[in-house]
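Read in the working numbering, the sequence shown has 56 at position 43, and its numbers run on one by one without any break. All C-beta atoms in this analysis are idealised placements derived from N, C-alpha and C, irrespective of residue type, glycine included.
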Amino acid sequence: MKKVLLVAALIAGATAVHADTLKKIKDSGVITMGVRESSGLSYTIGDGKYVGYHIDVCERVVADLRKQLGGKLDVKYQPVTSANRIPLTVNGTVDLECGSTTNNVARQKDVAFAVTTYVEEVRIAVKANSGINGINQLNGKTIATTTGTTSVQTLRKHERAAGVDFKEVYGKDHADSFLLLDSGRADAFVMDGSILAKNIATSKNPADFKIVGEVLSVEPIAIMIRKDDPAFKKAVDDSIKGMMKSGELAKIYDKWFMQPIPPTNTKIGLPPSAATKEAWANPNDKPMEAYAAKK
């Protein structure tokens with residue numbers, strides 16, 4: 014029994030130390046940002062350079078943390094995928110996950126989320142000449158999505174998907190999933206609207222694709238952090254709330270969704286939704302289930 018209690022105490026102690034992110038980054042002088050290769054909010058333009066709406070948000074957070082901690086704080090970029098982003102946050106590899114992660118009840122069991130910075134609508138992208146305009150036309154089709162995401166499950170649960178039978182294929186990341194659509198190996202790509210819009214806008218022939226059909230779900234997207242670290246969460250939340258109040262967050266959004274973006278200098282052309290503006294006006298970290306309850 015003593016041995017069991019000792020092991021439990023060691024685990025608890027390790028967790029407590031591990032969760033003190035402010036001390037961890039101050040002592041090391043390094044903060045690690047989890048970044049995506051091809052998300053709508055975080056993507057690479059090559060040579061280890063990551064850009065996007067959530068990258069800018071996280072860099073502003075880091076700037077505020079430097080002021081708070083009063084020392085040097087270098088940024089390390091750690092590429093993550095839909096499949097490994099949560100484990101890498103839990104185990105301390107990533108301090109700020111700056112991708113496009115939905116805040117939901119299931120994930121809150123393992124991680125925490127800062128206040129919502131973007132409210133996403135899950136949609137369907139198809140070839141413009143496909144003749145597909147809604148869920149009821151997906152019967153017998155092949156649907157692509159990205160490993161580790163919930164988009165296809167969301168599609169299956171939609172009331173208009175009753176009796177619709179389709180095959181699923183999975184890309185390892187969002188660029189891979191879009192390639193499945195682009196190459197004809199999939200008839201549709203189901204994913205967050207911002208991700209669909211970004212991949213279409215930066216493709217070789219944007220006019221070849223369109224976003225169609227019903228909104229499958231409304232999901233709050235937020236910066237993901239380790240669980241049970243209230244001091245770090247407060248620091249991140251305070252920084253983001255400051256951006257919301259000053260209007261800086263809206264300016265960052267405009268930069269990435271309404272202006273030409275690298276590497277092709279194409280406009281995504283996706284104005285902030287009413288739900289996103291509401292999240293900026295009234296900061297909160299509610300999970301997607303709370304949004305569904307509003308319907």
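Query - Assumed close pair Ala288, Val203 - CB separation to whole angstroms, cut-off 8 Å - result: The pair is not a contact, with the Cβ atoms about 19 Å apart (cut-off 8 Å).
Query raised in the report: Which value, in whole angstroms, describes the spacing of the CA atoms of Lys254 and Leu82?
Result: 19 Å
Query raised in the report: Can you tell me whether DSSP reads Leu262 as helix, strand or coil?
Result: helix
Query raised in the report: If you check the beta carbons only, do Gly147 and Gly226 fall under 8 Å apart?
Result: yes
Report task. For Val165, I'd like the list of residues in its chain whose CB is within less than 7 Å of its CB, leaving aside the five on either flank, ordered along the chain. Result -> Ile156, Thr158, Glu181 and Val203
Query raised in the report: Between the segment 210-219 and the segment 271-281, are three or more C-beta pairs nearer than 8 Å?
Result: yes
Requested in this report: Pair every Cβ in the segment 121-130 with every Cβ in the segment 82-94, then say whether three or more of these pairs are closer than 8 Å.
Outcome: no
Report task. Grab me the residues of Tyr90's own chain with a C-beta within less than 6 Å of its C-beta, minus the 5 sequence neighbours each way, in chain order. Result -> Met46, Val48 and Tyr63
Requested in this report: Taking Glu291 as part of the alpha helix (DSSP H), name the residues at either end of that continuous run.
Outcome: Ala287 to Ala294
Query raised in the report: When DSSP labels each residue in this structure, what does Gln150 get in the three-state scheme?
Result: helix
Query raised in the report: Out of curiosity, what's the CA-to-CA distance linking Asn116 and Ala96?
Result: 15 Å
Requested in this report: Measure the CB-CB distance between Leu229 and Arg136 and report whether it falls below 8 Å.
Outcome: yes
Query - CB-CB length for Ala174 against Leu168, believed under 8 Å - result: 6 Å
Query raised in the report: Contact check, Asp87 vs Val118 under 8 Å by CB: the rounded distance?
Result: Not a contact, Cβ separation roughly 35 Å.
Query raised in the report: If you follow the alpha helix (DSSP H) that Phe191 is part of, which residue opens it and which one closes it?
Result: His187 to Asp195
Query - Classification of Pro300 by the beta-carbon crowding that lies within 10 angstroms, buried from 16 upward - result: buried
Requested in this report: Have a look at Val107 and Phe245 and give me their C-alpha separation to the nearest angstrom.
Outcome: 13 Å
Query raised in the report: Which value, in whole angstroms, describes the spacing of the CA atoms of Ala294 and Gly153?
Result: 43 Å
Query raised in the report: Name the DSSP beta bridge partners of Glu232, please?
Result: Glu133
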